[in-house]
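Sequential numbering from 1 applies to the sequence shown in the numbering used here. For each residue, glycine too, the CB sits at the ideal point set by N, CA and C. Since the structure is predicted, the reported quantities are computational estimates derived from the model, not experimental observations.
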Amino acid sequence: MTIEELTDSVPPETPAAATDPFGLAPVGMDPVGEHPEDILAELRVRLAAGQPFSGSLATAFYRAVDALDPAATEDVLGGLPGSTGVQLYENLIAWAPVGAGESVVDVGCGSGGSTRAAARAVGAHGHVVGVDRIPQAIALARERTPADLPITYRQLSGERLTGIEDRSADCALLSLVLEQVADPAALLTEVARVLRPGGRLVASVMAWDRLRPLDHGLWGSVLAVVARHAPGALVGRASRASIPHEPEDAAAFVQAGLLVPEERDVQLAVVMDTPDDAWRFFARTYVFHMLDGTGREALRAVFERRTPHTLSLPVRFLRTRRPG
1 MTIEELTDSV PPETPAAATD PFGLAPVGMD PVGEHPEDIL AELRVRLAAG QPFSGSLATA
61 FYRAVDALDP AATEDVLGGL PGSTGVQLYE NLIAWAPVGA GESVVDVGCG SGGSTRAAAR
121 AVGAHGHVVG VDRIPQAIAL ARERTPADLP ITYRQLSGER LTGIEDRSAD CALLSLVLEQ
181 VADPAALLTE VARVLRPGGR LVASVMAWDR LRPLDHGLWG SVLAVVARHA PGALVGRASR
241 ASIPHEPEDA AAFVQAGLLV PEERDVQLAV VMDTPDDAWR FFARTYVFHM LDGTGREALR
301 AVFERRTPHT LSLPVRFLRT RRPG
């Protein structure tokens with residue numbers, strides 16, 4: 001089935017046991033996302049005990065946080081001002097570039113910020129499929145999407161884009177997704193499968209190797225809190241260099257049959273004039289969800305000492321394509 005043939009025919013109230021007419025995926029709850037607060041409470045205990053933030057623990061953590069707050073990325077980062085006029089979603093789409101009439105798949109679409117930006121670019125004669133494994137994210141994306149945009153949403157894993165045919169997409173988007181993936185090669189290989197020869201992949205990732213010297217003090221204080229209260233969070237996959245510079249990540253693009261990605265580094269500005277400003281921002285980050293109540297009190301104390309401060313979040317845009 002091509003992207004153009006997919007239709008969004010499954011209503012949100014479809015019973016959990018049902019599947020959609022195309023057999024793409026169960027519409028029911030993601031098992032990790034059914035009770036995200038309980039899952040996170042258990043995972044915080046493991047991180048506090050020093051269990052490394054990698055493998056199944058990291059996967060379960062990301063899925064639980066995304067189920068609990070599926071709008072966090074769009075609401076917190078999507079509207080931030082950036083260097084040279086950068087906007088997280090619009091500039092990703094422009095750099096692809098996504099054009100009128102094209103077919104696009106947005107992998108890990110969350111609440112649909114990048115999906116809607118792509119739909120505006122492809123216009124009435126194009127089509128965008130937004131996929132996410134978290135049902136809460138898909139439900140919210142549908143709620144936020146005007147009916148006139150050419151978008152289909154599906155609950156699917158990026159590593160298994162069931163129902164999307166080989167070589168059927170002109171472009172694939174991965175907006176702040178690659179950091180959360182336990183096996184980047186598997187994800188990129190599946191994305192490459194659905195790209196047409198010459199099809200583009202554009203992604204955004206956090207580029208912590210480009211953190212400004214002015215921000216080292218604040219960020220170091222935040223990580224010191226994490227080290228005391230959730231030491232496992234600083235061990236394992238979380239400690240790798242920024243994508244795609246770590247060898248395993250660089251090799252994943254090659255294994256998938258994609259070209260070496262081009263890079264563009266930008267900064268998003270978080271203005272924190274008061275401790276409350278900092279708290280509102282960090283309370284919707286993964287760092288916050290790693291901490292128990294005592295850890296959060298320590299984090300609040302950091303903001304009392306270190307604001308006002310304007311934090312520059314380093315973001316890297318990546319662009320590559322399937323040869324052909």
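About 5 Å separates the beta carbon of residue 131 from that of residue 154, a gap short enough to meet the 8 Å contact definition. Cβ neighbours of residue 140 within its own chain (closer than 7 Å, five residues either side excluded): 70, 71 and 111.
For residue 311, the pairing in a beta bridge is given by DSSP as 270. Counting only runs of 4+ residues, the alpha helix (DSSP H) found wholly inside the region 65–107 occupies 88–95, in chain order. CA-to-CA, the gap between residue 204 and residue 265 works out to about 10 Å.
Taking all protein chains shown into account, residue 115 has 16 or more neighbouring C-beta atoms within 10 Å of its C-beta and is therefore buried. Listed in chain order, the non-local C-beta contacts of residue 164 below 6 Å within the same chain comprise 194, local neighbours out to five positions each way being set aside. One Cα belongs to residue 296, the other to residue 160, and the distance between them is close to 36 Å.
If you draw a 10 Å sphere on the C-beta of residue 158, you find 16 or more other C-beta atoms in it, and that means buried. The three-state reading of DSSP puts residue 236 in coil, since its state is none of H, G, I, E or B.
In summary, residue 314 is buried, with 16 or more beta-carbon neighbours lying within 10 Å of its beta-carbon over all protein chains present. Within the same chain, and ignoring the five residues on either side of residue 323 in sequence, no residue has its Cβ closer than 6 Å to its Cβ. Taking the Cβ atoms as the reference, residue 312 lies roughly 6 Å from residue 269, within the contact range of under 8 Å. Under the 10 Å beta carbon count, residue 125 is surrounded by fewer than 16 other beta carbons and is classified as exposed.
In the structure shown, residue 263 adopts extended strand secondary structure according to DSSP, grouped into three states. Only residues of its own chain outside the window of five on either side were considered, and among them 77 and 78 have a CB closer than 6 Å to the CB of residue 88, listed in chain order. The DSSP-derived three-state label of residue 56 is helix. Between residue 321 and residue 200, the gap from beta carbon to beta carbon is short of 8 Å.
One alpha carbon belongs to residue 208, the other to residue 57, and they sit about 22 Å apart. Here DSSP, grouped into helix, strand and coil, assigns residue 150 to coil. Rounded to whole angstroms, the Cβ separation of residue 45 and residue 286 is 17 Å, and the two are not in contact under 8 Å.
For residue 289, the enclosing alpha helix (DSSP H) begins and ends at 286–290. Between residue 167 and residue 197, the C-beta gap is smaller than 8 Å, which places the two residues in contact. When the five nearest sequence neighbours on each side are left out, the beta carbons in the same chain lying within less than 6 Å of the beta carbon of residue 233 are those of 47, 53, 226 and 290, in order along the chain.
Here the alpha carbons of residue 306 and residue 117 stand approximately 35 Å from one another. Its chain contains 57 and 232 as the residues whose beta carbon lies nearer than 8 Å to that of residue 51, once the 5 sequence neighbours on both sides are disregarded; these appear in chain order. Here residue 155 carries a strand assignment [DSSP, helix/strand/coil]. Secondary structure of residue 223 (DSSP, three-state): helix.
In the structure shown, residue 245 falls within a coil segment according to DSSP collapsed to helix, strand and coil. Around the beta-carbon of residue 113, 16 or more other beta-carbon atoms lie within 10 Å, marking it buried. In the DSSP secondary-structure assignment, residue 131 is bridged to 107 and 154.
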